[in-house]
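Engineer:
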Amino acid sequence: MPKLIKQDTLCSDDWLPARAESDQVPQHHFPTLPQWRAAAGGALRTVQLQPGDVVAELAGALDTLEIIAVDFPVLTDGRGFSYARDLRERGYRGELRATGHFMPDQVHYLRRCGFDAFQPADDSRIEEYLRQSRVFSEQYQASIDQPLPLFRRREAQTR
Numbered sequence: 020m021p022k023l024i025k026q027d028t029l030c031s032d033d034w035l036p037a038r039a040e041s042d043q044v045p046q047h048h049f050p051t052l053p054q055w056r057a058a059a060g061g062a063l064r065t066v067q068l069q070p071g072d073v074v075a076e077l078a079g080a081l082d083t084l085e086i087i088a089v090d091f092p093v094l095t096d097g098r099g100f101s102y103a104r105d106l107r108e109r110g111y112r113g114e115l116r117a118t119g120h121f122m123p124d125q126v127h128y129l130r131r132c133g134f135d136a137f138q139p140a141d142d143s144r145i146e147e148y149l150r151q152s153r154v155f156s157e158q159y160q161a162s163i164d165q166p167l168p169l170f171r172r173r174e175a176q177t178r
C-alpha cells in the first residue's frame, strides 16, 4: 500500500498511480483524464491529471469527484502547482493529492496552492516530507490556504 500524508498524518491507502497505456482502469488505480472522460455517466469518482491535461474539462464534475490526483512525473515540472490553484479557485473541495516526484521542501508550497494530500514516488523519506509540511507556522502572503495576507489578519485582530 502506498504511503501518503493526509491531514498532517501519515497513512496509507489503496490508490495507485494511473496507467495511461491501458484502455481499462485497473482496480485501485487512478484513471487518467482520457479514461475518466471515456467512462459512462461520470461513474468514476477519482481522476489523475498529467502535465498537459486541461483542468477546465473537470469543471462540470468538481462536485462529484472525491479525489483528484495531480502527477508530478519529473521534479522539474511545476504545472501541478497551477493545476491545484485552478481547481481550488473553480470551487473543488474534495481531496487534492500531489503524486510523483516532488521534494520534501516543496510540500509546504504545494499546500499553499491547494493540495491537502501528498503521495511522493519515493516514500522512504515520508517522515521528512511530513516534517517539511510543518516548517512554517505563519505566512505573509495570501494564497489558496490563507486568502488574507498577514497584515490584514493582524488588522482584523486589533478591531
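The opening position of the sequence shown corresponds to residue 20 in this note's numbering, with each subsequent residue numbered one higher.
For every residue, glycine included, the Cβ atom is placed at its ideal position computed from N, Cα and C.
#1: Cα separation between T160 and V126?
#2: Please determine, among L77, D27, L167 and P45, the residue with the shortest C-alpha to C-alpha distance to D33.
#3: Counting only the same chain and skipping the five closest in sequence on each side, list residues whose C-beta sits under 7 Å from that of H47.
#4: With a Cβ-Cβ cutoff of 8 Å, do A136 and R116 count as a contact?
#5: Distance, Cα to Cα, D96 vs R171?
#6: Quick one: what does DSSP say P53 is sitting in, helix, strand or coil?
#7: For E146 and D82, I'd like the C-alpha separation in whole angstroms.
#8: Can you tell me which of P168, L63, F121 and Y111 puts its alpha carbon nearest to the alpha carbon of A75?
#9: Does the distance from the CB of L63 to the CB of I87 come in under 8 Å?
#10: Should S31 go down as buried or exposed, given a rule of 16 or more other Cβ atoms within 10 Å for buried?
#11: According to DSSP, S31 sits in a beta bridge with which residue or residues?
#12: Report the rounded CA-to-CA distance for S143 versus L23, giving the unit in angstroms.
#13: What is the C-beta distance between A78 and R104, in whole angstroms, given that I count them as a contact (C-beta under 8 Å)?
Structural biologist: Judging by the given coordinates:
#1: Position 141 of the sequence shown, counted from the start, is the residue given in the question as residue 160. Position 107 of the sequence shown, counted from the start, is the residue given in the question as residue 126. The sequence given here has Gln at residue 160, not Thr. If I take the Cα positions, the gap works out to 17 Å.
#2: To locate residue 33, count along the sequence shown from 1; it is residue 14. Cα-wise, what sits closest to D33 is P45.
#3: Position 28 of the sequence shown, counting from 1, holds the residue named residue 47. For H47, where only same-chain residues beyond five positions count, the Cβ hits under 7 Å are D33, W34 and L35.
#4: In the sequence shown, the residue the question calls residue 136 occupies position 117. In the sequence shown, the residue the question calls residue 116 occupies position 97. Taking 8 Å as the Cβ cut-off, A136 and R116 qualify as a contacting pair.
#5: Sequence index remark: in the sequence shown, residue 96 carries index 77 (1-based). Sequence index remark: in the sequence shown, residue 171 carries index 152 (1-based). A direct Cα-Cα distance of roughly 33 Å separates D96 from R171.
#6: Here residue 53 refers to the residue found at position 34 of the sequence shown. Residue state, collapsed to three classes: helix.
#7: Residue mapping note: residue 146 aligns to position 127 of the sequence shown, counting from 1. Residue mapping note: residue 82 aligns to position 63 of the sequence shown, counting from 1. Their backbone Cα atoms lie some 32 Å apart in a straight line.
#8: Here the question's residue 75 lines up with position 56 in the sequence shown. It is Y111 whose Cα lies nearest to the Cα of A75.
#9: If you number the sequence shown from 1, residue 63 lands on position 44. If you number the sequence shown from 1, residue 87 lands on position 68. It is not a contact, given that the beta carbons lie outside the stated cut-off.
#10: As a first step, residue 31 must be located in the sequence shown, where it is residue number 12. So S31 counts as exposed.
#11: Here residue 31 refers to the residue found at position 12 of the sequence shown. As computed with DSSP, S31 is found in a beta bridge with K22.
#12: Indexing the sequence shown from 1 puts residue 143 at position 124. Indexing the sequence shown from 1 puts residue 23 at position 4. Straight-line Cα distance between these residues: approximately 11 Å.
#13: Residue 78 sits at position 59 when you count from the first residue of the sequence shown. Residue 104 sits at position 85 when you count from the first residue of the sequence shown. Incorrect: roughly 15 Å between the Cβ atoms, too far for contact.
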